[in-house]
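Undergrad: Have a look at this one.
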Amino acid sequence: MSSQTKLHILFTSKEIEATIRKLAAEIRKDYQGKHPLLIGILKGSFVFMADLIRLLNFPLEVEFVRLSSYGGGKESSGKIKVVQGLSSSVKGRDVLVIEDIVDTGLTTAFLLDYLRKKKPASLKLCALTDKPSRRQVPVTIDYLGFTVSNKFIVGYGLDWNEKFRYLPDICFIEDEGG
Ligand code: IMP
Numbered sequence: 014m015s016s017q018t019k020l021h022i023l024f025t026s027k028e029i030e031a032t033i034r035k036l037a038a039e040i041r042k043d044y045q046g047k048h049p050l051l052i053g054i055l056k057g058s059f060v061f062m063a064d065l066i067r068l069l070n071f072p073l074e075v076e077f078v079r080l081s082s083y084g085g086g087k088e089s090s091g092k093i094k095v096v097q098g099l100s101s102s103v104k105g106r107d108v109l110v111i112e113d114i115v116d117t118g119l120t121t122a123f124l125l126d127y128l129r130k131k132k133p134a135s136l137k138l139c140a141l142t143d144k145p146s147r148r149q150v151p152v153t154i155d156y157l158g159f160t161v162s163n164k165f166i167v168g169y170g171l172d173w174n175e176k177f178r179y180l181p182d183i184c185f186i187e188d189e190g191g
């Protein structure tokens, strides 16, 4: 980390909590009694997933997939592959993908396509944050927390080179020198 890197709070932990309560209320309404399979995309979604599922008061299952798309910096390499796959079957299940951020859309579009081929009963996407100005491929977000401008954000599970995941707030990184 450069000595010039500065973090600024974009969403406080209280704002995040309130937003997740709203998302959970919507998801509860739609998935009650369906025993859905929630699939978190590692690593970034693990904090969000942990808070979200504790607000869903119905039986559900949890899975994680790990995809590789980013090198070590702030830009996607554009090439996505499954690094750690699913151990549960998706066929006939009501599947809800949980993502920390949709940026270019390449990662989520790839995963939704991958899962659709496995013939789930339904397939939806819940994303905590969205950066629509960066989109390269269209992605429909069924449950969205926050829309953010074109800033690189960290905290609440989101990282920059594996740093800052532990922060309770979502912060943006001030451009070096600016
Ligand atoms: P996409 O394929 O460009 O949509 O990127 C999705 C993935 O890139 C997310 O799961 C994050 O891991 C990472 N990512 C994109 N933008 C950010 C950001 O602002 N902060 C942290 N990670 C990001």
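Residue numbers (the numbering used here): 14 to 191. Even glycine gets a Cβ: it sits at the ideal position worked out from N, Cα and C.
Within its chain, find whatever has a CB closer than 6 Å to the CB of glutamate 74; leave out the 5 residues flanking it on each side and keep chain order.
TA: Excluding positions up to five away in sequence, the list reads Leu50.
Undergrad: Since tyrosine 156 and isoleucine 52 are thought to touch, with beta carbons under 8 Å apart, how far apart are those beta carbons, to the nearest angstrom?
TA: The Cβ separation is near 14 Å, so there is no contact.
Undergrad: I believe glutamate 31 touches leucine 68 by the beta-carbon criterion, under 8 Å. Please report the beta-carbon distance rounded to the nearest angstrom.
TA: According to the sequence as given, residue 31 is alanine; it is not glutamate. Contact doesn't hold; Cβ gap of about 11 Å is too wide.
Undergrad: Of the residues Ile166, Leu136, Gly168, Ser162, which one's Cα is nearest the Cα of threonine 153?
TA: The shortest Cα separation from threonine 153 among Ile166, Leu136, Gly168, Ser162 belongs to Leu136.
Undergrad: Is glycine 57 near ligand 1, judged by its Cβ being under 6 Å from some heavy atom?
TA: Yes, ligand 1 has a heavy atom inside 6 Å of this Cβ.
Undergrad: Using the rule of at least 16 other Cβ atoms within 10 Å of the residue's Cβ for burial, across every protein chain shown, is arginine 129 buried or exposed?
TA: Flag for arginine 129 reads exposed.
Undergrad: Have a look at Val103, Leu180, Asp126 and flag the residue whose alpha-carbon is nearest the alpha-carbon of histidine 48.
TA: Closest option to histidine 48, Cα to Cα, is Val103.
Undergrad: Can you find a heavy atom of ligand 1 that lies under 6 Å from the Cβ of isoleucine 114?
TA: Yes, the beta carbon of isoleucine 114 sits closer than 6 Å to at least one heavy atom of ligand 1.
Undergrad: Cα-Cα, which of Asp43, Lys19, Asp172 is closest to phenylalanine 71?
TA: Looking at the Cα atoms, Asp43 is the closest of the given residues.
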